[in-house]
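Numbering (the numbering used here), first residue to last: 31 to 436. Think of the CB as a built atom: it goes at the ideal place given N, C-alpha and C, for glycine as much as any other residue. Only one structure is covered here, and it is reproduced in the block below.
Dropping the structure here:
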């Protein structure tokens with residue numbers, strides 16, 4: 031991935047607020063029988079990646095905020111800046127949020143992103159006994175804590191639906207959580223809750239749609255369960271192949287479940303998307319820069335093949351550990367800066383630990399993660415950078431093709 035090197039700078043943020051350890055957000059309930067039909071995707075030739083980056087930036091604190099948060103550093107701004115948050119929810123039915131969520135939204139006035147994106151689990155649903163009144167109250171709580179403050183700041187909000195927002199899990203021919211999906215749809219289709227993004231195609235908004243921010247193209251797919259259905263896959267390919275997409279300088283796909291397992295307790299079938307290699311090939315064919323996902327509650331800026339895989343950490347309850355290394359669970363938020371010029375598209379992730387003052391270097395993150403369905407390596411590395419011992423560890427666990435790529 032020589033054209034995709036990342037400079038990932040991770041900074042700690044001081045918390046003046048006490049931290050609440052909310053009960054934790056949850057995987058897919060065992061009572062749900064997932065639809066395990068394998069949807070076929072036409073064999074796709076993997077294309078070359080978009081031009082990448084290899085640059086560093088000078089970082090300096092913003093004077094207006096240094097008194098309140100003296101450790102907070104604002105990186106040099108790119109041509110496109112967006113903040114990435116995920117997994118905000120607490121226990122089932124919660125209408126309030128952990129203080130890290132409130133702080134993150136408050137700090138958007140400091141970072142001043144062009145856009146905020148959420149990788150799912152904005153509310154605490156996925157429980158069939160929750161009443162319509164409880165579900166509506168959760169979205170009201172989200173609006174008060176997250177959406178309304180962003181509207182007041184005039185910051186557009188792009189998002190994907192998580193399994194706790196309106197899961198697409200199927201039993202027979204019906205959605206298990208049809209009521210949750212309907213109430214979520216009602217919330218987002220209310221003009222008072224306009225997220226402020228420039229929608230290109232509202233195909234199945236708020237579950238699947240495309241939007242534009244500056245020179246960036248964003249495709250949101252419904253990855254709130256393990257299966258992306260065949261009808262959606264046709265729309266996804268048409269959207270990525272569209273003139274609007276291909277004329278953009280950079281392309282992102284946003285979904286809740288990741289392609290590959292990266293976190294303890296989530297590295298198993300049902301907690302990742304089916305057909306990850308074919309989905310990866312589809313995104314690579316149309317020069318998608320990054321797939322941004324949530325659900326695993328563990329930050330890891332990885333890559334596989336020519337696709338970057340940004341696994342976001344949780345802001346709400348239940349941060350998790352990665353499947354390798356001994357780093358503790360942590361709540362994180364990422365600021366993505368993209369730099370455009372005539373020759374290259376360069377990107378930089380600055381990821382903040384919202385619970386401690388530690389500054390974590392990328393070298394502290396595992397060089398690779400070997401999940402049950404494929405190996406992911408850190409974004410700043412090449413496959414050729416791995417040692418024979420590291421590759422052997424993967425090959426002892428997985429088929430050879432899941433340890434490497436073309």
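Per the coordinates, the alpha-carbon of residue 267 lies some 43 Å from the alpha-carbon of residue 101. Within a 10 Å sphere around the beta-carbon of residue 163 sit fewer than 16 other beta-carbons, which makes this residue exposed. Approximately 12 Å separates the beta-carbon atoms of residue 282 and residue 244; this is outside 8 Å, ruling out the contact. Residue pairing by DSSP puts residue 375 in a beta bridge opposite 370. In this structure residue 371 is not in contact with residue 107, their Cβ atoms being roughly 15 Å apart against a cut-off of 8 Å.
By the criterion of a C-beta distance shorter than 6 Å, residue 197 is surrounded in its chain by 156, 207, 254, 255, once the five residues flanking it on both sides are discounted. For the pair of segments examined, the region 264 to 280 was found not to touch the region 392 to 408: the number of CB pairs separated by less than 8 Å stays below three. The C-beta separation of residue 321 from residue 355 comes to about 22 Å, leaving the pair out of contact by the 8 Å criterion. With respect to the C-alpha of residue 114, the residue from 211, 161, 395, 142 having the closest C-alpha is 142. Sequence-distant partners of residue 341 (beyond 5 residues in either direction) whose C-beta falls short of 7 Å from its own C-beta, in its chain, are 288, 292, 323, 326, 328, 329, 330, 332. Taken through DSSP and simplified to helix, strand or coil, residue 175 comes out as helix. DSSP places residue 360 in the coil class of the three-state scheme, outside both helix and strand. In the three-state reduction of the DSSP assignment, residue 207 falls in the coil class, being assigned neither a helical nor a strand state. The residues 289, 290, 310, 404, 405, 406, 407, 435, in chain order, have a CB closer than 8 Å to that of residue 334 in the same chain once the five nearest residues on each side in sequence are set aside. Only residues of its own chain outside the window of five on either side were considered, and among them 292, 293, 294, 328, 330, 395, 396, 399 have a CB closer than 8 Å to the CB of residue 352, listed in chain order.
Contact between the region 304 to 319 and the region 130 to 150 is absent, with fewer than three C-beta pairs closer than 8 Å. Comparing alpha-carbon positions, the option among 374, 187, 105, 302 lying closest to residue 242 turns out to be 187. A residue is called buried when at least 16 other Cβ atoms come within 10 angstroms of its Cβ; residue 202 does not meet this threshold and is exposed. Scanning 251, 349, 416, 376 for the CA closest to the CA of residue 192 turns up 251. Along the region 246 to 282, the alpha helix (DSSP H) occurs as fully enclosed runs of 4 or more residues at 260 to 271, 273 to 277, listed in sequence order. Using a 10 angstroms sphere on the CB of residue 117, the tally of other CB atoms reaches 16 or more, which defines it as buried. Each residue's CA atom was taken as its position, placing residue 415 and residue 392 some 15 Å apart.
For residue 179 and residue 135, the gap between their C-alpha atoms comes out near 7 Å. If you draw a straight line from the Cα of residue 360 to the Cα of residue 215, it is about 31 Å long. Rounded to whole angstroms, the separation of the alpha carbons of residue 383 and residue 349 is 11 Å. When the beta-carbon positions are compared, residue 122 and residue 154 come within less than 7 Å of each other. Using a 10 angstroms sphere on the CB of residue 158, the tally of other CB atoms stays under 16, which defines it as exposed. Considering only 279, 233, 343, the residue with the shortest C-alpha distance to residue 265 is 233.
Short of 7 Å from the beta carbon of residue 306, and not among the five residues preceding or following it, lie these beta carbons of its own chain, in chain order: 289, 290, 403, 404.
Under DSSP, residue 114 takes part in a beta bridge, and its partners are 147, 364. A distance below 7 Å between beta-carbons, with the five flanking residues on each side excluded, links residue 166 to the following residues of its chain, in chain order: 213. Nearest neighbour of residue 270 by Cα position, chosen from 296, 297, 238, 170, turns out to be 238. Under DSSP, the beta-bridge partners assigned to residue 293 are 352. By the neighbour-count criterion, in which a residue is buried when 16 or more other Cβ atoms sit within 10 angstroms of its Cβ, residue 149 is buried.
Here residue 257 really is in contact with residue 304; their C-beta atoms are around 5 Å apart, less than 8 Å.
Contact annotation: residue 300 and residue 119 have beta-carbon atoms that are not nearer than 7 Å.
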